[in-house]
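This report refers to the structure that appears directly beneath it.
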Amino acid sequence: MAVTIDRTTSSTCAPPQPARLSLTPAPGGLDGMWWPRSRAFTRELPSLTAALGDRWGRITGVTVHPAYWPVLPHWVSYAGRTVQVGWSTEEQDPHRLTLFSADGRWDVLVIPPETGADAAAQLMVGDGVDASAREQAADGIDARDREEAWEADGGAGLTSSLPPRPIGSAGPSAAGRRR
């Protein structure tokens, strides 16, 4: 079998897009809100840690709940730095991300990436909304997305514009056939 190697593609990765982040403290122990672009943790974490590096110091660790991240590595490396990744289903809120550095610990609300721009902007600003209300809003967005995925994958059954066939019929009814 012949193998072809495409040498036209670049071996360097594209730089991450800037993090969509609000560092406005909120009641309930939130230190900010983060709106990732996807659920690809290894792609999203570098831009977040880069954005926080100047304000919170070099991020060395992060803890997440695995419910909304399909793949969680043990560490993420970017620009010569390594961030250790931990997860917990019992101690970590599914909508929070806990970040660690030599200077302390911070909790950030994760706004689901599927959230529309207007809803995400409202959650990021807060408009007097407390932490539990923000988490409930994020949970509602996730529930809607799971339901839409179920519908799109055929979970609720497909509707048909064809009339129902009688039981035991292999095709269109006899009345509908032409001879």
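So in the numbering used here the end of the sequence shown lands on 280, straight run, no missing numbers.
Beta carbons are placed, not taken as given, at the ideal position from N, Cα and C, and that holds for glycine.
A distance of 8 Å or more separates the beta carbons of L198 and I212. Here DSSP, grouped into helix, strand and coil, assigns L200 to strand. Excluding five sequence positions before and after L200, the CB atoms of its chain that fall closer than 6 Å to its own CB belong to I160, V163, W207, given in chain order. One thing to note: R138 has its Cβ no nearer than 8 Å to the Cβ of P195. Shown here for Q185: same chain residues with a beta carbon closer than 8 Å to its own, the five before and five after excluded, namely T161, G162, V163, H175, W176 in chain order.
In the assembly as shown, R121 is a buried residue. Its beta-carbon has 16 or more other beta-carbons within 10 Å. By the Cβ neighbour-count rule, T216 is buried, with 16 or more other Cβ atoms within 10 Å of its own. Annotation: the region 153 to 191 contains the following complete segments of the beta strand (DSSP E) (minimum length 3 residues), in chain order: 160 to 165, 176 to 179, 182 to 188.
Collapsing the DSSP output to three states places D194 in coil.
By the CB criterion at 8 Å, T150 and Y179 fall inside the cutoff. The C-alpha of T183 lies about 30 Å from the C-alpha of A222.
CA-CA distance, F142 to L124, rounds to 20 Å. Less than 8 Å separates the beta-carbon of P119 from that of S148. Going by DSSP, D219 is part of the alpha helix (DSSP H) stretching over 218 to 226.
Residue range 205 to 211 is occupied by the beta strand (DSSP E) that includes G205. Ranked by Cα distance from W188, the first of V209, D204, V165 is V165.
A residue is called buried once 16 or more other Cβ atoms fall within 10 Å of its Cβ, and D155, having fewer, is exposed.
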